[in-house]
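Report on one structure; see the data block that follows.
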Amino acid sequence: MARKRVSVTIDPRLCKKCGICVEFCPKDVLGPGRDGVPAVLSPESCTACRLCELRCPDFAILVEEAEDGERT
Ligand code: SF4
Ligand code: SF4
Numbered sequence: 065m066a067r068k069r070v071s072v073t074i075d076p077r078l079c080k081k082c083g084i085c086v087e088f089c090p091k092d093v094l095g096p097g098r099d100g101v102p103a104v105l106s107p108e109s110c111t112a113c114r115l116c117e118l119r120c121p122d123f124a125i126l127v128e129e130a131e132d133g134e135r136t
């Protein structure tokens, strides 16, 4: 069975650098990044729980799942 791949994208134009997503990610996928916008530090650990997407007050995070080999 194809393995799910997850991509987490943060739109720096929408992000207000509150850090909520970093606090809520249970897998420490997100961490401090340049200019205060969180960075996706370990995407391979992401379980696609979407807590970050749901908690982001500015809808700056997009979590997408794709089968391996499929474009995200
Ligand atoms: S929760 Fe949203 S607005 Fe806040 S730091 Fe994360 S991406 Fe930026
Ligand atoms: S979807 Fe879940 S595991 Fe993945 S980055 Fe967001 S909070 Fe972390």
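Going by our numbering, the sequence shown opens with residue 65, and the numbers climb by one from there.
Backbone N, C-alpha and C define an ideal beta-carbon position, used for all residues, glycine too.
From a predicted model like this one, the values you see are computed outputs, not experimental measurements.
Query                                                                                                   : Result
Under a three-way DSSP split, which group does S71 fall into?                                           : strand
Check for me: the alpha helix (DSSP H) holding L115 runs from which residue to which?                   : L115 to R119
Examine ligand 2 and report whether any of its heavy atoms sits within less than 7 Å of the Cβ of V127. : yes
Please name the residue, chosen from E87, D122 and A112, that lies closest to E129 on a Cα-to-Cα basis. : A112
So, V127 versus R114, is the Cβ gap smaller than 8 Å?                                                   : yes
Return the first residue and the last residue of the beta strand (DSSP E) that E87 is part of.          : Careful: E87 lies outside any beta strand (DSSP E), inside the alpha helix (DSSP H) at I84 to F88.
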